[in-house]
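Student: Before I ask anything, let me first share the structure, which is written out below as structure tokens.
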């Protein structure tokens, strides 16, 4: 007898088609049968060792977080309720060009310092891997939800070239090609870049194109955080479309927003650009989070020249009065490339987290507010905080536009990505709330998307981008990564004031047919594993 039958569920199967009533049988980690309208038809109903009454609940495929920063959180926090409680059953990590494989001892230390604001310093982690394959093997020891990995181009460049702003030599480019090929062979699904983050931003288009050719040869995709989301946003999108077209590589645009005052109301221009490229044959998808503020590190807004050479060099420049004044001028007058070419507005930058608890007074306040309290300029406050916390502070940037968020999420190649940074005392609520916020706010309350459309955005579309032939749909023979939610009550509990509150209206989540959330509570099940690239046919 099979393990589980989910009885009388309203199945929204991820295809975008209308929902239907069914009994769904799960066994051995798979969906083994679906009996539609069993009760109404009066037919023999399936039996199993356990029955779950799903009356009033929607059954859908598990949600796929196409942009996650859980690279260490998956290892540090076995419960991982921030994502499991949302119905997320698969995360894509290794984002924005910086993560922890492939590395050597030198590069690992540099990367840990550079992205401590994203993932913590990692002092509680045993970094017993160096290659992509070894990292995926580490995940396979047991994690809360499944994870796929993107090779981080910035880390690859740090390993082969260093943190200097210069062209790679032919030998260094060959080494980067080999590192990308090895990562793809070991199971990565593609490559990411952070083209406003050092050292990845130092790569010219020709270098990126060569690496994308390697990715394409393995059936992977390129996921860039491109060179500007501000003053040069449309040009940056055009650059990525042209680059991947030349490389013959699939493109997935990370957190595809149009932010800052210069881009208010300009989402239709982006969508027109994408429609033209799609019509011309490009393979493009994108992800967004359903909120207006962004989130990154305070150090990320610095001009790229100030961070050249790595974190220690950046700290030395901040400590030097003359150099610090050059940084201030770039930030406040010119508009640094780290701040997307837009002069910084300190009243839009809210400190969301620090590594040093002694600096907690800054958290929850904008840089401008803290500067006013301290009786100094905003740059003096920001500089002192960067030095004291060794570049680790995280920030919310209140620079988004609701009309752009809604327009982009309607697009036919849109998927959901939380971009959730789990560090800090006051993280962005998207880390804990993205997927129920789509379902509760943008589906039920605003009607921006229908329920069936939204579920397809969060399930089958990302599974197709990841080339996973057995995930993303409620179909017989597919993996039993499933979520049951109440469409009348599902909502994000997380708010900007209380960003770690768990969602409501999601009582059950299954990974590999096993309950990781049951009756609204986290179980002790660690059913997640690394999801490796499927070789192209």
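Numbering (the numbering used here), first residue to last: 2 to 538. Ideal Cβ placement from N, Cα and C applies to all residues, glycine included. As the structure is a prediction and not an experimental result, all values here were calculated from the model.
Round the Cβ separation of residue 87 and residue 435 to the nearest angstrom and send it over; I've been treating them as touching at under 8 Å.
Tutor: Correct: roughly 7 Å between the Cβ atoms.
Student: When you compare the CB positions of residue 224 and residue 245, do they come within less than 8 Å of one another, or not?
Tutor: Cβ atoms of residue 224 and residue 245: not closer than 8 Å.
Student: Among residues of its own chain, excluding the 5 on either side of residue 1, which ones have a beta-carbon nearer than 7 Å to its beta-carbon?
Tutor: This structure leaves residue 1 out entirely; the chain is present only between 2 and 538.
Student: In its own chain, which residues sit with a C-beta less than 7 Å from the C-beta of residue 331, not counting the 5 before and 5 after it?
Tutor: Around residue 331: 304 and 337.
Student: Between the Cα of residue 539 and those of 528, 534, 5 and 4, spot the shortest distance and give me the residue it belongs to.
Tutor: Residue 539 falls outside the range modelled here, since the chain spans only 2 to 538, and no answer is possible.
Student: With DSSP run on the structure shown, which of helix, strand or coil describes residue 84?
Tutor: Residue 84: helix per DSSP, three-state reduction.
Student: Between residue 261 and the rest of its own chain, which residues show a CB-CB distance below 6 Å, the 5 nearest in sequence each way excluded?
Tutor: The residues are 231, 343 and 400.
Student: Apart from the five residues on each side of it in sequence, which residues of its chain come closer than 6 Å, Cβ to Cβ, to residue 533?
Tutor: 188, listed in sequence order.
Student: In terms of alpha-carbon separation, which member of 184, 185, 208 and 183 lies closest to residue 170?
Tutor: Nearest C-alpha to residue 170: 208.
Student: Could you pull the start and end residues of the beta strand (DSSP E) that residue 264 belongs to?
Tutor: No beta strand (DSSP E) holds residue 264; DSSP gives it neither H nor E.
Student: How would you write the range of the beta strand (DSSP E) that residue 194 sits in, first residue to last?
Tutor: Residues 191 to 195.
Student: Determine the direct distance from the alpha carbon of residue 319 to that of residue 313, and round the result to whole angstroms.
Tutor: Whole-angstrom Cα-Cα distance: 10 Å.
Student: Touching or not, the stretch 493 to 509 and the stretch 431 to 447, by the rule of three or more beta carbon pairs under 8 Å?
Tutor: With the cut-off at 8 Å, the stretch 493 to 509 and the stretch 431 to 447 touch.
Student: Determine the direct distance from the alpha carbon of residue 263 to that of residue 297, and round the result to whole angstroms.
Tutor: Spanning the two alpha carbons is a distance of roughly 20 Å.
Student: For residue 136 and residue 130, what's the separation of their Cα atoms in angstroms?
Tutor: Approximately 6 Å, taken between the alpha carbons.
Student: Does any residue of chain C have a CB that is nearer than 8 Å to the CB of residue 182?
Tutor: Absent from the structure is chain C; it holds one protein chain and no more.
Student: Along the beta strand (DSSP E) that carries residue 438, what are the first and last residues, could you check?
Tutor: Unbroken run through residue 438 is the alpha helix (DSSP H), 431 to 438; no beta strand (DSSP E).
Student: Can the beta-carbon of residue 428 be found less than 8 Å from the beta-carbon of residue 353?
Tutor: Yes. Within cutoff.
Student: Please identify the residue among 461, 152, 108 and 522 whose C-alpha is closest to the C-alpha of residue 65.
Tutor: Comparing Cα positions, the closest option is 461.
Student: Short check: CB of residue 391 to CB of residue 382, under 8 Å?
Tutor: No, Cβ-Cβ distance for residue 391 and residue 382 is not below 8 Å.
Student: Just verifying my parser: in three-state terms, what is the DSSP assignment at residue 106?
Tutor: If DSSP states are grouped into helix, strand and coil, residue 106 belongs with the helices.
Student: Let me know the alpha helix (DSSP H) ranges lying completely inside the stretch 384 to 463, each 4 residues or longer, listed in chain order.
Tutor: Counting only runs of 4 or more, we get 403 to 410, 431 to 438 and 452 to 459.
Student: Which same chain residues, not among the five before or five after residue 265, have their C-beta less than 7 Å away from its C-beta?
Tutor: If we look at residue 265 and ignore the five residues flanking it on each side, its Cβ neighbours are 402.
Student: Do the CB positions of residue 271 and residue 299 come within less than 8 Å of each other?
Tutor: For residue 271 and residue 299, no; Cβs fall outside 8 Å.
Student: Please report the straight-line C-alpha distance between residue 182 and residue 173, rounded to a whole angstrom.
Tutor: Taking the straight line joining both Cα atoms gives about 14 Å.
Student: What separation, rounded to the nearest whole angstrom, lies between the Cα atoms of residue 478 and residue 471?
Tutor: Each residue's alpha carbon lies about 7 Å from the other.
Student: Applying the criterion that 16 or more other CB atoms from any shown protein chain within 10 Å of the CB defines a buried residue, is residue 538 buried or exposed?
Tutor: Confidence is the limiting factor: at residue 538 the pLDDT is only 47, short of 50, which leaves the residue's position unreliable, though a coordinate-based value still follows. It is exposed - the Cβ of residue 538 has fewer than 16 other Cβ atoms within 10 Å.
Student: Give the DSSP-derived three-state secondary structure of residue 511 in the structure shown.
Tutor: Reduced to three states, the DSSP call for residue 511 is strand.
Student: Please look up how many angstroms separate the CB atoms of residue 289 and residue 415, rounded, as I've assumed it's under 8 Å.
Tutor: Contact flag correct, Cβ pair sits at about 7 Å.
Student: Quick one: complete beta strand (DSSP E) runs, 3+ long, within the stretch 237 to 322?
Tutor: List check, beta strand (DSSP E) in window: 251 to 254, 285 to 289 and 295 to 298.
Student: Count the other CB atoms within 10 Å of the CB of residue 33; is the residue buried (16 or more) or exposed (fewer)?
Tutor: Residue 33 comes out buried.
Student: Could you tell me how far apart the beta carbons of residue 310 and residue 92 are, in whole angstroms, since I believe they sit closer than 8 Å?
Tutor: Rounded, the Cβ-Cβ distance is 32 Å, inconsistent with contact.
Student: Report the residue from 62, 163, 36 and 228 whose alpha carbon sits nearest the alpha carbon of residue 202.
Tutor: Ranking the options by Cα distance to residue 202, first place goes to 228.
Student: In whole angstroms, what separates the C-alpha of residue 317 from that of residue 73?
Tutor: Whole-angstrom Cα-Cα distance: 28 Å.
Student: Apart from the five residues on each side of it in sequence, which residues of its chain come closer than 8 Å, Cβ to Cβ, to residue 409?
Tutor: So the list reads 257, 258, 259, 268, 271, 272, 287, 289 and 415, once near-sequence residues are dropped.
Student: What is the rounded straight-line gap between the Cα of residue 421 and the Cα of residue 106?
Tutor: Approximately 27 Å, taken between the alpha carbons.
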